[in-house]
Structure formats: structure tokens, C-alpha cells
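A short worksheet on the structure shown next.
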Amino acid sequence: MEELRVGVVGAGGMGSRHARNLVFRGPGTRVVAVADADVARARALAAECGAARVYEDGRQLVEDPEVDAVVVASPDPTHAGYVLACLEAGKPVFCEKPLATRADEAGAIVQREVALGRRLVQVGFQRRYDPEFRALRRALSDGAVGRPVLYRAWHRNVRAAFAPDTSMAVLVNAAIHDLDEIRWLSGQEVDVVHSVVGCRVDPSLAEGVYDLQLIQLGLRDGALALVELNLSAAYGYEVGIEVSGDRGTVTAGLPGGVVTRAEGRCTRAVPPDWLERFDAAYAAEVVAWVDHVRRGQPWPNAWDGYASLVVAEACAEALATGRPVRVALEATPPLYGQEDG
Ligand SMILES: NC(=O)c1ccc[n+]([C@@H]2O[C@H](COP(=O)([O-])OP(=O)(O)OC[C@H]3O[C@@H](n4cnc5c(N)ncnc54)[C@H](O)[C@@H]3O)[C@@H](O)[C@H]2O)c1
51 MEELRVGVVG AGGMGSRHAR NLVFRGPGTR VVAVADADVA RARALAAECG AARVYEDGRQ
111 LVEDPEVDAV VVASPDPTHA GYVLACLEAG KPVFCEKPLA TRADEAGAIV QREVALGRRL
171 VQVGFQRRYD PEFRALRRAL SDGAVGRPVL YRAWHRNVRA AFAPDTSMAV LVNAAIHDLD
231 EIRWLSGQEV DVVHSVVGCR VDPSLAEGVY DLQLIQLGLR DGALALVELN LSAAYGYEVG
291 IEVSGDRGTV TAGLPGGVVT RAEGRCTRAV PPDWLERFDA AYAAEVVAWV DHVRRGQPWP
351 NAWDGYASLV VAEACAEALA TGRPVRVALE ATPPLYGQED G
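Numbering-wise (my numbering), the sequence shown opens with residue 51 and increments by one.
Given below as C-alpha cells:
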């Protein structure tokens with residue numbers, strides 16, 4: 051098997067995590083190049099990974115003939131441009147979520163892949179690689195709770211990882227994980243956004259920017275979903291879901307791990323952030339990506355990145371208008387098919 055030479059664009063928290071996972075846990079891969087707008091950061095990560103090539107401009111990295119495949123972990127608004135550049139160069143790309151910041155940009159990526167007739171894009175929805183979420187997915191497909199009728203998800207951060215300037219940015223940067231999770235776990239597309247309501251928890255945010263949002267969805271098979279997204283929960287980072295079926299419920303994401311009983315209390319730790327909570331999932335998704343690159347079957351794919359953004363835009367409209375919004379999603383192109391990773 052030939053070695054896969056990977057270039058990493060964006061040497062911050064996620065780019066560094068992916069690069070280290072590729073170096074230390076990715077068999078048959080080498081990180082050969084790093085790009086970052088802050089070139090000192092790129093240099094530091096390149097030195098750590100043994101990468102000889104450093105760029106300030108990610109497009110130069112994409113065009114480098116020594117780079118076979120690319121990881122994009124730069125800020126959200128840069129994703130679509132870098133992914134399209136990878137498609138132009140015919141290179142596989144692992145793109146952090148969101149695939150783009152607007153559905154039409156993501157749609158252009160889907161169209162380009164369909165025109166190429168092959169899939170080159172994987173999106174960093176790492177919950178699909180989390181052992182606990184995967185066990186819940188298996189329980190659902192084994193019929194453990196019967197027919198799912200309600201998905202009740204929660205997603206809480208200590209505080210926002212960036213200062214969102216619109217509620218749309220909150221949806222596209224954070225709720226996008228929950229929207230993808232519900233599509234994946236249910237195997238359904240969202241049919242309607244019944245309502246989105248918001249509340250500003252962090253007073254430093256501009257008025258009208260809601261870091262707490264409650265999202266109610268209807269799925270195509272008639273099931274309901276409710277997402278609680280709270281970027282300013284203060285106490286820790288928690289992500290979970292309870293799925294109710296017509297014969298029982300199944301839950302993932304309750305506090306786990308070591309239980310301490312002391313001073314009249316019984317406690318479990320809550321992780322401080324996503325890097326700790328999803329450590330195993332981040333490793334599993336890039337290891338799987340390397341395998342997918344070899345087989346030409348990236349998962350989750352560009353369609354998943356696009357479909358989640360279509361729902362996010364419908365959520366933003368429901369929030370702004372106070373009215374239900376039908377989700378207008380075209381039929382899935384045959385290139386993407388029905389599959390599970
Ligand atoms: N999957 C997840 O759970 C998860 C978690 C956190 C962040 N993310 C996503 O990962 C991406 C990176 O987030 P992060 O937390 O690592 O941010 P970060 O700020 O730590 O790192 C981003 C890096 O990109 C660099 N950069 C800025 N503009 C650039 C450009 N035009 N070209 C190349 N590099 C550029 C910055 O200098 C910085 O080093 C974001 O898209 C974010 O939404 C995903």
C-alpha cells in the first residue's frame with residue numbers, strides 16, 4: 051500500500067489534532083505540508099509532524115504535487131473555497147464542519163463532485179465515529195426501542211468558541227452537528243422546521259444573537275426532533291441524545307466515567323470541551339478517512355454537508371419569522387446513495 055502524503059490547512063486546535071492523529075494513529079500516512087495564515091503556527095505544527103513544507107496560503111498547499119490529500123481545518127468561511135480547490139486539483143479532502151457557511155456554496159461542491167463522477171469530500175461530523183453514538187445507532191437499527199418517534203438532543207458548551215455575530219453563525223457553526231446527527235441516526239431527511247426560539251445568555255453578545263436555541267423539527271417519516279443548543283452553559287461540555295421509540299427509549303451522552311463519593315457527594319466529571327469528549331471519535335474519523343481515500347468512499351460525504359446546511363438555513367428563517375419552514379431538499383444524487391459508515 052502506497053503511503054498517503056497529507057497536507058493540513060489550518061494549524062489551530064482542530065488542524066493540530068487531526069495532524070497528530072494522522073502522524074501517531076494513521077497507518078500508512080505522512081503529514082508532509084502545513085499551511086496557516088499565521089505562518090509561525092504552520093511552522094510549529096510542521097516541525098512537530100516532520101513536515102518539510104510550510105505555506106501561508108492554503109491554495110499553494112493544495113496545488114503542491116507532493117501533497118496527495120488535504121485536511122481543511124481553517125475557519126468556517128474558508129472551507130468552501132479550499133474544498134473547491136481540492137476538487138479542481140482532483141485531490142481527496144477531509145473538511146472540518148461546516149462544509150461551507152451557506153447551502154448554495156455547499157451545493158456547488160456537490161454539483162462539482164457529481165460532474166466529476168466521484169466522491170472526494172469527507173466532512174468532519176465526528177459524532178458519527180463516536181463509540182457511544184454508534185452503539186445508539188446500532189440499538190436503533192436492531193429495533194431495540196421499536197419505531198423511533200422522538201429525538202431529543204442536547205449540545206452544551208462552556209462558552210462559545212468564537213463570538214458569533216448572528217444567530218445564523220450559531221446554527222452553522224454549532225447546531226450543524228446536531229442537525230447532521232439527527233439525519234444520521236434517523237436515516238431521514240428533515241421535512242419541516244416547526245419552530246426555532248432563542249435566548250441570549252451571554253450578555254456580551256449583540257442583541258438578537260441567540261447562544262441558546264431550541265429547535266423543533268419534523269422528519270419525513272413523521273417523527274419529531276427537539277434540539278437544545280446552549281453555547282453558554284458554563285459548567286462543562288455535554289452532548290447527548292435520547293431517542294424514544296414506540297417500545298422504549300435509548301440514550302447516549304449521560305455523564306460517565308469515574309464516580310467519586312466524597313464529602314457527602316457522589317460526582318462524575320463533565321469534560322471541559324470537545325477535544326476531550328470526542329478524542330476517540332476524532333482519531334477514528336481521520337483513520338477511517340485514510341481508508342476511504344483508498345476506496346473512494348468518503349463518509350459522511352458532501353451531500354451530508356450540504357443537506358445539514360439546507361436545514362440550518364431553514365432554522366434561521368424559522369427563527370427570524372416565527373413561522374414553520376418547509377425544508378426544500380432535492381432528491382439525493384445517485385453518486386451519494388444510501389449508506390452507513
Ligand atoms: N468537529 C468539531 O468538533 C470541531 C470542533 C472545533 C472546531 N471545529 C471546526 O474546525 C475549524 C477550525 O477550528 P479551530 O477550533 O481549530 O480554530 P482555531 O482558531 O484554533 O484554528 C484555525 C486556524 O486557521 C488559521 N487560518 C485563519 N485563516 C486562514 C486561512 N485563510 N487559511 C489557512 N489558515 C487560516 C488560523 O490562523 C488558525 O491557526 C472550524 O471550521 C471549526 O468550525 C470543529
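Glycine included, every Cβ here is placed at the ideal spot set by N, Cα and C. No experiment lies behind these values; they were computed from the predicted model shown.
By Cβ distance, which residues of its chain are closer than 6 Å to residue i, with the 5 residues on each side in sequence left out?
i: Ile159; result: Val133, Ala352
i: Thr317; result: Thr310
i: Gln161; result: none
i: Ala96; result: Val84, Val104
i: Arg93; result: Val104
i: Val247; result: Leu264
i: Ala333; result: Asn71, Arg75
i: Thr79; result: Leu54, Val56, Leu72, Val340
i: Arg206; result: Asn280, Ala283, Glu288
Could you work out which residue in the options is closest to residue i when comparing CA atoms only?
i: Met218; options: Ala189, Asp230, Gln263, Phe183; result: Gln263
i: Ile265; options: Ala275, Gly387, Gly303, Trp349; result: Ala275
i: Arg178; options: Tyr386, Gly290, Glu257; result: Gly290
i: Leu149; options: Glu163, Gly140, Val171, Ala312; result: Val171
i: Gly286; options: Lys141, Ala123, Glu98, Val320; result: Val320
i: Glu146; options: His68, Gly78, Val242; result: His68
i: Val122; options: Ser66, Arg169, Arg93; result: Ser66
i: Ser236; options: Arg184, Leu255, Leu279; result: Arg184
i: Pro115; options: Ala302, Ala139, Asp107; result: Ala139
i: Gly346; options: Glu163, Gly298, Ala102, Glu155; result: Glu163
i: Leu304; options: Asp241, Pro384, Trp204; result: Trp204
i: Leu325; options: Arg70, Val58, Trp349, Val117; result: Arg70
i: Val277; options: Ser254, His244, Val173, Gly76; result: His244
i: Val336; options: Ala283, Pro142, Glu113; result: Pro142
i: Ala130; options: Ala101, Ala225, Val59, Arg202; result: Val59
i: Pro214; options: Arg250, Trp234, Arg202, Ile232; result: Arg250
i: Tyr201; options: Ala370, Glu106, Glu231; result: Glu231
i: Tyr386; options: Glu53, Asp86, Arg91, Arg169; result: Arg169
i: Gly24; options: Asp86, Val377, Leu255; result: It is not possible to answer for residue 24, since the shown part of the chain is limited to 51 through 391.
i: Leu279; options: Ala225, Gly57, Leu269, Ala368; result: Ala225
i: Asp450; options: Thr216, Asp252, Asp271; result: Outside the shown range of the chain (51 to 391) lies residue 450, about which nothing can therefore be said.
i: Phe144; options: Pro384, Gly100, Ala338; result: Ala338
Near residue i, what residues of its chain come up, given a Cβ to Cβ distance below 8 Å and the 5 sequence neighbours on each side ignored?
i: Val300; result: Leu186, Ala189, Leu190, Ala194, Val195, Glu292, Val293
i: Ser254; result: Ala213
i: Thr371; result: none
Run through the DSSP bridge pairs and tell me what residue i is partnered with.
i: Trp204; result: Glu278, Gly290
i: Asn351; result: Gln172
i: Ile265; result: Val246, Val277
i: Leu54; result: Thr79
i: Ala85; result: Val59, Tyr105
i: Thr299; result: Ser294
i: Val143; result: Val120, Val171
i: Arg315; result: Ala312
i: Val240; result: Leu269
Could you give the C-beta distance for residue i and residue j, rounded to a whole number, given that I count them as a contact under 8 Å?
i: Val73; j: Val81; result: 6 Å
i: Val84; j: Ala119; result: Val84 to Ala119, Cβ: 14 Å. No contact.
i: Asp261; j: Val220; result: 6 Å
i: Asp283; j: Val173; result: The question names Asp, but residue 283 in the sequence shown is Ala. About 25 Å; that fails the 8 Å criterion.
Spatial neighbours of residue i within its chain, please: C-beta separation below 7 Å, excluding the five flanking residues on both sides.
i: Leu379; result: Glu239, Ala357, Val360
i: Arg327; result: Tyr287, Val289, Pro321
i: Thr151; result: Asp126, Pro127, Val222
i: Arg109; result: Ala135
i: Gly157; result: Tyr356
i: Thr382; result: Trp353
i: Gly295; result: Val195, Gly196, Arg197, Pro198, Val199
i: Glu113; result: Ala139
i: Gly307; result: Arg318, Ala319
i: Ala368; result: Val243, Ser245, Val246, Pro374, Val375
i: Leu166; result: Leu137
From the DSSP output, in three-state form, read off residue i for me.
i: Val73; result: helix
i: Phe183; result: helix
i: Val308; result: coil
i: Pro148; result: coil
i: Val320; result: coil
i: Arg377; result: The residue asked about is misnamed: residue 377 is Val in this sequence, not Arg. Residue state, collapsed to three classes: coil.
i: Pro383; result: coil
i: Val133; result: helix
i: Val259; result: coil
i: Pro198; result: strand
i: Val251; result: coil
i: Gly372; result: coil
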